[in-house]
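Residue 19 is where the sequence shown starts when you use this note's numbering, and the numbers rise one by one after that. By construction, the Cβ of each residue, glycine as well, lies at the ideal position given by its N, Cα and C atoms. Every value quoted in this text rests on a predicted model; they were computed, and no experiment measured them. Shown next, in structure tokens, is the structure this report addresses.
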Amino acid sequence: MPQVTFYKLISSDLTPEEFACRLSNKAWHNDWTTHIHTLDEQACQHFDKLLWEWRDYSFIPHLIHHPKDAFVNHGTIVTIGCDNPPQEQQDMLINLAPSLPPFYNQFNKVCEIVANIHDNDSINVSRNKFRQYREAGIKPETYPIGTT
Numbered sequence: 019m020p021q022v023t024f025y026k027l028i029s030s031d032l033t034p035e036e037f038a039c040r041l042s043n044k045a046w047h048n049d050w051t052t053h054i055h056t057l058d059e060q061a062c063q064h065f066d067k068l069l070w071e072w073r074d075y076s077f078i079p080h081l082i083h084h085p086k087d088a089f090v091n092h093g094t095i096v097t098i099g100c101d102n103p104p105q106e107q108q109d110m111l112i113n114l115a116p117s118l119p120p121f122y123n124q125f126n127k128v129c130e131i132v133a134n135i136h137d138n139d140s141i142n143v144s145r146n147k148f149r150q151y152r153e154a155g156i157k158p159e160t161y162p163i164g165t166t
């Protein structure tokens, strides 16, 4: 079973996508294979662009993964997708979609990002995901990010 962590963004200055970039950067520097799951193809394209522009002084090698395409890993350890991830076992899943992907248990670590603790819709989506993990026998951890 994966270790599931919910990161609660306290500061309204930090978006879930920006925090996902931070997590991706940390994963890349630690040589963790990482898949970023998004809601749809448009969100994949948006996150791809964000990773290219995130920091002027750094680069996170990444690619958008399409299940219908043959996956050849050319040293890229960060993938983005809205369908199934590459078939090989991966270290970390960053879930930016509003629901649990059916393949979350293929990862050692799952990261969920609570967009804004003052936004009821975000809280309800996160509570639902938290509940689903608990029903699957997983005890998620929570960490506040930012100042209170």
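At least three beta-carbon pairs within less than 8 Å, the segment 68–82 to the segment 126–137: no
Inter-residue spacing [alpha-carbon to alpha-carbon] between Ala167 and Ala61: Given a span of 19 to 166 for the chain in the structure shown, any question on residue 167 remains unanswerable.
contact_flag[the segment 44–60, the segment 135–145] where n(CB pairs < 8 Å) is 3 or more: no
Whole-angstrom C-beta distance between Ile163 and Leu68, which should lie under 8 Å: Within the sequence shown, the letter at position 50 stands for residue 68. Within the sequence shown, the letter at position 145 stands for residue 163. 18 Å between Cβ atoms; not a contact.
Neighbourhood of Thr160 by C-beta distance below 7 Å, restricted to the same chain and skipping five residues each side: Translated into the one-based positions of the sequence shown, residue 160 becomes position 142. Closer than 7 Å at Cβ, skipping near neighbours: Phe24 and Lys26.
Range of the contiguous beta strand (DSSP E) that encloses Leu41: If you number the sequence shown from 1, residue 41 lands on position 23. That residue, Leu41, is in no beta strand (DSSP E); its alpha helix (DSSP H) goes Pro34 to His47.
Chain-order list of residues whose beta-carbon lies under 6 Å from that of Gln108 (same chain, five-residue window excluded): The residue given as residue 108 occupies position 90 in the sequence shown. Counting only Cβ-Cβ distances below 6 Å, and skipping sequence neighbours, we find Thr51, His53 and Phe125.
Three-state secondary structure assigned by DSSP to Cys62: In the sequence shown, counting from the first residue as 1, residue 62 sits at position 44. Reduced to three states, the DSSP call for Cys62 is helix.
CB of Leu114 within 9 Å of CB of Tyr122, strictly: On the sequence shown, position 96 is the one that residue 114 refers to. On the sequence shown, position 104 is the one that residue 122 refers to. No, Cβ-Cβ distance for Leu114 and Tyr122 is not below 9 Å.
Classification of Leu57 by the beta-carbon crowding that lies within 10 angstroms, buried from 16 upward: On the sequence shown, position 39 is the one that residue 57 refers to. Classification of Leu57: exposed, given that the 10 Å Cβ count is below 16.
Pro103 versus Pro120 - alpha carbon distance: The count along the sequence shown starts at 1 and reaches residue 103 at position 85. The count along the sequence shown starts at 1 and reaches residue 120 at position 102. Each residue's alpha carbon lies about 11 Å from the other.
Those residues which DSSP pairs with Met6 across a bridge: The first residue shown for the chain is 19 and the last is 166, placing residue 6 beyond what the model contains.
Cα-Cα separation between Ser140 and Phe148, rounded to whole angstroms: Here residue 140 refers to the residue found at position 122 when the sequence shown is read from its first residue. Here residue 148 refers to the residue found at position 130 when the sequence shown is read from its first residue. Cα to Cα, the separation comes out at about 12 Å.
Check whether Ile98 and Leu118 have beta carbons under 9 Å apart: Indexing the sequence shown from 1 puts residue 98 at position 80. Indexing the sequence shown from 1 puts residue 118 at position 100. No; because the gap between Cβ atoms is not below 9 Å, this pair is not in contact.
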